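Colleague:
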Amino acid sequence: MKTKINLGWRAARIPKKIQNARIYASNLEDHPNDFPDCNVTPFLLREAASNLETWYAIAKKKRSMDIAKMHDAEDVLKALVVKLSHYAEDLPNNSPELAAMLGFKAKGKGGNKKARFTAKHGKYRGCISLRSPAVKKACYHWEVFQGIEAPGSSTDKWTCLGFSTTSYYNASDLIRDKRYWFRVRSIVGQKAGVWSAPICIIVM
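Position one of the sequence shown corresponds to residue 19 (the numbering used here), numbered consecutively onward.
1. Measure the Cβ-Cβ separation of Gly-165 and Asn-38 and say whether it is below 8 Å.
2. Where in the stretch 129-202 do unbroken runs of the beta strand (DSSP E), each at least 3 residues long, occur, reported from the N-terminal end onward?
3. Please list the terminal residues of the continuous beta strand (DSSP E) segment that includes Cys-218.
4. Any idea if Tyr-142 is buried or exposed, counting beta-carbon neighbours within 10 angstroms, 16 or more meaning buried?
5. Taking the C-alpha atoms as reference points, what is the distance between Asn-130 and Ala-30?
6. So, for Arg-203: in the same chain, excluding its five sequence neighbours on each side, which residues have a beta-carbon less than 8 Å away from its beta-carbon?
7. Between Ser-182 and the rest of its own chain, which residues show a CB-CB distance below 6 Å, the 5 nearest in sequence each way excluded?
8. How would you call Val-221, buried or exposed, if buried means at least 16 neighbouring beta carbons within 10 angstroms?
9. For a test of the three-state rule: what should DSSP assign to Lys-20, helix, strand or coil?
10. Unbroken alpha helix (DSSP H) runs of length 4 or more, entirely within the stretch 33-113: which are they?
11. What does a CB cutoff of less than 8 Å around Ile-76 pick up in its chain, not counting 5 residues either side in sequence?
In structure tokens:
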């Protein structure tokens, strides 16, 4: 049965749309053999995301012309994301797992209730609270990167935050107003799982 993708575009705020586009771009680069001949390239996604991010910041001045430009930039990014979702749905080995590898959610009963890797502002300045879906008998390996865009999963630019026996972790002593990317993987015995799709947050 063909897996359909739930974009959740209408419900998402613009910063989340920008973040997701960058995640799709990173995942396309990290799994080229799984997503061959895709005409929505990482470059196009990042370019559209950066353009929307620029106009989103400018539109905070609430000038009508700037808001219109922001919505134009949003439409450009949406067109790319919709095109990418159609590409993923039409893959011969289309599956919920493949959709998740790209960063999408598959439509289905209870799909929106599935636990996700999250990052939220903590109680104190410079602190981010991370939470991963729980895996039975696992410990967790947490990593961080500070920058505008997340590096690929195979690079050495990621820094180890630490390990935990719980599915949550508090990252502290982070620099305010900087964008941080986080990722996590579970480890059961001697077997390490795959890294999660990176998520980003600007530290308050």
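The beta carbon of each residue, even a glycine, is placed where N, CA and C say it ideally should be. Here the structure is a predicted model, which is why all the values come from computation and not from measurement.
Modeller: Quick answer:
1. Numbered from its first residue, the sequence shown carries residue 165 at position 147. Numbered from its first residue, the sequence shown carries residue 38 at position 20. It is not a contact, given that the beta carbons lie outside the stated cut-off.
2. Within the stretch 129-202, the complete beta strand (DSSP E) runs of at least 3 residues are 136-139, 146-149, 157-164, 177-182 and 186-189.
3. Counted from its first residue, the sequence shown places residue 218 at position 200. From DSSP, the beta strand (DSSP E) with Cys-218 extends over 217-220.
4. The sequence position of residue 142 within the sequence shown is 124, counting from 1. The residue in question, Tyr-142, is exposed, as its Cβ has fewer than 16 Cβ neighbours within 10 Å.
5. Start at 1 with the first residue of the sequence shown, and residue 130 comes out as number 112. Start at 1 with the first residue of the sequence shown, and residue 30 comes out as number 12. Here Asn-130 scores only 43 on pLDDT, less than 50, and its place in the model should not be relied on; the value that follows carries that caveat. Taking the straight line joining both Cα atoms gives about 13 Å.
6. Here the question's residue 203 lines up with position 185 in the sequence shown. Closer than 8 Å at the Cβ level, and outside the excluded window around Arg-203, lie Tyr-158, His-159, Ala-210, Gly-211, Val-212, Trp-213 and Ser-214.
7. For the purposes of this step, residue 182 is taken as residue 164 along the sequence shown, with counting starting at 1. So the list reads Tyr-158, once near-sequence residues are dropped.
8. Stepping through the sequence shown from its first residue, residue 221 is reached at position 203. So Val-221 counts as buried.
9. Residue 20 sits at position 2 when you count from the first residue of the sequence shown. The three-state reading of DSSP puts Lys-20 in coil, since its state is none of H, G, I, E or B.
10. Runs of the alpha helix (DSSP H) inside the stretch 33-113: 60-76 and 82-107.
11. Position 58 of the sequence shown, counting from 1, holds the residue named residue 76. Once the five neighbours on either side are set aside, the close Cβ partners of Ile-76 are Asp-84, Lys-87 and Met-88.
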